[in-house]
Amino acid sequence: MSTHSTVVSRSQQLKAATHSTHDSLDKRVMAADIFASRDSFTRFLRVQYRFHRDIDALYSHHGLLALIPDLAERRRLARIALDLQDLGSGIPTGSTPAVDANIALPDALGWLYVAEGSNLGGAVLFKLARDRLQLHADFGARHLAAHADGAAQHWRSFTAALDAAPLAAAQEASVVEGARTAFQTVRSHVETELHADPVAVT
Ligand code: HEM
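Okay, structure coming up:
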């Protein structure tokens, strides 16, 4: 008789726990036809800006900095702002960011998982922006450009750190909760920015 034990990593658990939410978000974003024109893509950039403004405090979070050595260079807010500037859009007017500096580490890891995962999936979006809108790493699609190590390797180095973070068993649910809340937040920004009717994007 043989025994099998399957160890599911934290990142795999997060993927499974948020799979249907991601799927629905992905369909919603693509249904908005964000690659139809640069104006449409600008609305997607505004979603990204709103989300990354929400999470900006994560990139100076002491607990995360101790776990993820290259955390600061994973921050994409400034690149999204440049993409918006390239395409002639202003910055979306502000609201209080959803995340503040005191966020607990397990929740912070869940939020960061969503931001980093969107960067992995962003490789697909980068190719579409390049092929359909002639945007690139120095104009309009800076924040979607792959890391010099390659998007997959950059993702693996993040999930390795995420999976190695020492947490108590009781904290695992908070990581998932952080990721779910992050996805809900992105979704709410999508509903704000990606409506069917053309709008001014100033
Ligand atoms: C801005 C909203 C989005 C967020 C927050 C987001 C989030 C994520 C997350 C967390 C992952 C990692 C899943 C894992 O654990 O492996 C991921 C992967 C992925 N996403 Fe998204 N995503 C977004 C939009 C999209 C859109 C619009 C597409 C449309 C093509 C997309 C396509 C993908 C793909 C293809 C992957 C997997 C990449 C791979 O395994 O190589 N995502 N995304």
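Mapped onto this note's numbering, the consecutive letters of the sequence shown carry residue numbers 370 to 571.
Glycine included, C-beta positions come from ideal geometry on N, C-alpha and C.
For clarity, every value in this text was computed on a predicted model and none was experimentally measured.
Among all the DSSP beta bridges, which residues are the ones paired with residue i?
i: G509; result: H505
According to the Cβ coordinates, are residue i and residue j closer than 8 Å?
i: I460; j: A450; result: yes
i: V398; j: F413; result: yes
i: H340; j: R445; result: Since the first and last residues shown for the chain are 370 and 571, residue 340 lies out of range.
i: A492; j: A473; result: no
i: A498; j: G509; result: yes
i: R549; j: T390; result: yes
i: D452; j: H523; result: no
i: Y428; j: L436; result: no
i: D423; j: A467; result: yes
i: L563; j: V416; result: yes
i: R556; j: L383; result: no
i: A514; j: F527; result: no
i: L339; j: L481; result: Within the shown structure, residues of the chain are numbered from 370 to 571, placing residue 339 beyond reach of any answer.
i: L478; j: A542; result: no
Assuming residue i and residue j make a contact with CB atoms under 8 Å, what is their CB distance in whole Å?
i: E546; j: D455; result: So it is not a contact: roughly 36 Å between Cβ atoms.
i: R379; j: V544; result: 6 Å
i: T351; j: F552; result: No answer is possible for residue 351: the residues shown for the chain start at 370 and end at 571.
i: R407; j: L502; result: 6 Å
Item to check | Contained alpha helix (DSSP H) runs [length at least 4] in the region 417-487, N- to C-terminal order | outcome: 431-436 and 446-455
Next on the checklist: Please enumerate, following chain order, all residues with a beta carbon closer than 5 Å to at least one heavy atom belonging to the ligand HEM.
Outcome noted: K384, D395, V398, V483, G486, S487, L489, G490, V493 and V555
Next on the checklist: Restricting to runs no shorter than 4 residues, where is the alpha helix (DSSP H) found entirely within the region 528-556?
Outcome noted: none
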